[in-house]
Amino acid sequence: MVRAKLLAAVIALGSLLVVIGTEPHAALAADPDNQGGTLSNGFASSAPNPGLADLSISELGSLNPVSVGSTLTFSLTVTNNGPGIATGVTVSDLLPAGLMYASATSTQGTRSVNGNSVTARIGSMSSGSSATVTITATATGVGRVANTATVSGGEPDPDTNNNSATVMTYLTGHTGAIADLFVSNGTLIGPASVGSELTYIIAVVNAGPHRANDVDVTDMLPAGVTFVSASTSQGSWSLEGGTVTSRLGSIDKGGFAIVTAVVIPTTAGQLTSTASAYGSDTDPNTADNSATTMTAVETGGGSGADLIGIWKEVKRIGSNKVSGRFTPRNTGVDSAGAFTVKFYYSSDETVDSTDKLIRTSTVAGGLAAGASGGPIKVSYTGRTAVAGTYLIAVVDAGSTVGELNETNNTIVKQIP
5 MVRAKLLAAV IALGSLLVVI GTEPHAALAA DPDNQGGTLS NGFASSAPNP GLADLSISEL
65 GSLNPVSVGS TLTFSLTVTN NGPGIATGVT VSDLLPAGLM YASATSTQGT RSVNGNSVTA
125 RIGSMSSGSS ATVTITATAT GVGRVANTAT VSGGEPDPDT NNNSATVMTY LTGHTGAIAD
185 LFVSNGTLIG PASVGSELTY IIAVVNAGPH RANDVDVTDM LPAGVTFVSA STSQGSWSLE
245 GGTVTSRLGS IDKGGFAIVT AVVIPTTAGQ LTSTASAYGS DTDPNTADNS ATTMTAVETG
305 GGSGADLIGI WKEVKRIGSN KVSGRFTPRN TGVDSAGAFT VKFYYSSDET VDSTDKLIRT
365 STVAGGLAAG ASGGPIKVSY TGRTAVAGTY LIAVVDAGST VGELNETNNT IVKQIP
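Under our numbering, the residues of the sequence shown are numbered 5 to 420, in order.
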């Protein structure tokens, strides 16, 4: 039989694609679970799905803080985490108000600039490759500014959470305004123990001669701790990665603000924590804007568990009834076995024979290290007004769990 030089027919049915043409004949099946690989000649291919490209971007700033008239550099690193080739890769960065574009370079592709908007067209990137875009800007204003860069490509991106990155920069230099900030950093106890709470206390003082504006404090928590809570004497705080950032606002000449951060050490050794303060005014001495404290952590005794708890939603109903929820928690480094929690109604902050036992609850499954139990409902109705009296929880009331710290099992909550 005479064969044609080229015979091709494509038959598509559902997700099955059959290609009939020049030898050898092949059958290709679409990947139904999008996990990569096809069926070719009846055999499964282990090759990753070439249609996906996970792009990510990171950003570093060269200076912080930056005075008006000075230049700073943003280094943007783009990575193709695969599994396929990324095409049409583009980086966009709109410099915020307070910064003026100066220059830009890229290790790959071309760049274009429109005012403060920088676009780098990197093009194609193989899986595992990286490219760097460097942008230089001049500080023209004052205050706290955030520079955000984003990356995009032509292929579906399985993780868009890493497609943008932001760097916060403090621009200083109010005309005639000078505020000398300095920082102290210490702990309530030392040495600390594994599984027990450790509190960092950071003080920010404005030595003047003018009011300090837009004051922020960053506290880089060390590795080997679990964050518990933070507080500020003014303003607000947030946890970003391993850093507690406190936005304190203004501090008058001679004034100060306090930031505390509570952590639980998880390993023995030495902890190093650094706190830094920034403001939008000219600081004549930036050498004292950071302070570092080092704390020794000892192993401690007990099984490595540490049982505490938290009262939540405690509210008075009428004059003589109270309800609330209590969540037991193991802040230690080892699991705790089964234990009981006893709840009392008391006229003061201590438990004695005159107090009313209102509930006993058993946590039969115990708690893993760092885990919290389900909330326990507690309610009490008295014959007299309950405002100003107390609910008291005693965790591990039967002392069945050996703990690193046996002194923190009683948790008191005053009834509003």
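Cβ atoms here follow ideal geometry from the backbone N, Cα and C, with glycine treated the same way.
(message) On the DSSP bridge list, what partners appear for Gln112?
(response) None; Gln112 has no bridge partner.
Problem set entry | Inter-residue CB distance, Ala340 and Gly370 (contact presumed, cutoff 8 Å) | 5 Å
Alpha-carbon spacing of Thr114 relative to Leu175, whole angstroms: 30 Å
* Rank Leu408, Ala372, Thr77, Asn324 by C-alpha distance to the C-alpha of Ala389 and give the top, closest one. => Asn324
Using a 10 Å radius around the Cβ and a threshold of 16 neighbouring Cβ atoms, would you call Asn199 buried or exposed?
Per the sequence shown, residue 199 should be read as Gly rather than Asn. Result: buried.
With 16 other Cβ atoms within 10 Å as the buried cut-off, status of Asp352: exposed
(Q) Can you look up Asn166 in the DSSP assignment and give me helix, strand or coil? (A) helix
When burial is assigned at 16 or more other CB atoms within 10 Å of the CB, is Ala51 buried or exposed?
-> For Ala51, the predicted model reports a pLDDT of 45, less than 50, meaning its position is unreliable; a value from the coordinates is still stated below. Exposed, by the Cβ-count rule.
request  = Grab the span of the beta strand (DSSP E) containing Gln274 for me, first residue to last.
outcome  = 273-282
Checklist entry - If we ignore side chains and look at the alpha-carbon of each, how far apart do Ala153 and Ser294 end up? => result 28 Å
Within the region 48-93, ranges of the beta strand (DSSP E) (whole runs, at least 3 residues):
57-65, 75-87
Give me the Cα-Cα distance between Asp256 and Glu302, rounded to the nearest whole angstrom. 40 Å
Which of the three DSSP states is assigned to Asp292 in this structure?
helix
| message | Taking the alpha carbon of Ser187 as the reference point, which residue from Asn151, Val146, Ala211, Thr91 has its own alpha carbon closest? | response | In the sequence as presented, Ser is not what sits at residue 187; that position holds Val. Comparing Cα positions, the closest option is Ala211.
Hey, quick one: how far does the beta strand (DSSP E) through Asp184 stretch, first residue to last?
183-191
By the 10 Å Cβ neighbour count, where 16 or more other Cβ atoms means buried, how is Ser237 classified, buried or exposed? exposed
### Query
Once you ignore the five residues that flank Ser107 on each side, which residues in its own chain have a CB closer than 6 Å to its CB?
Thr140
Review point. Are the region 340-350 and the region 359-377 touching by the rule of at least three beta carbon pairs closer than 8 Å?
Key: yes
ask   = What is the rounded straight-line gap between the Cα of Glu63 and the Cα of Thr164?
value = 16 Å
Measuring only the C-alpha atoms, how far is Ser131 from Thr111? 17 Å
ask   = In angstroms, rounded to a whole number, what distance separates the CA positions of Gly158 and Val93?
value = 7 Å
Spatially closest choice to Leu311 from Gly228, Val399, Val267, by CA coordinates: Val399
message: Do Leu56 and Ala155 have their beta-carbon atoms positioned less than 8 Å apart in this structure?
response: Note that residue 155 corresponds to Val in the displayed sequence, not to Ala. No; because the gap between Cβ atoms is not below 8 Å, this pair is not in contact.
If I measure Cβ to Cβ from Ile262 and keep anything under 6 Å in the same chain, skipping five residues before and after, which residues do I get? Ala207, Ser237
Original post:
Between which two residues does the beta strand (DSSP E) carrying Asn151 extend?
Top reply: 147-156
Legend entry - Residues near Leu252 by beta carbon distance below 6 Å, same chain, minus five either side: Val219, Gln238, Gly239, Ala261
Between which two residues does the beta strand (DSSP E) containing Asp220 stretch? 216-224
Q. Between the Cα of Ser96 and the Cα atoms of Val367, Thr264, Thr136, Thr404, which residue gives the shortest distance?
A. Thr136
With which residues is Thr364 paired in a DSSP beta bridge? Lys346
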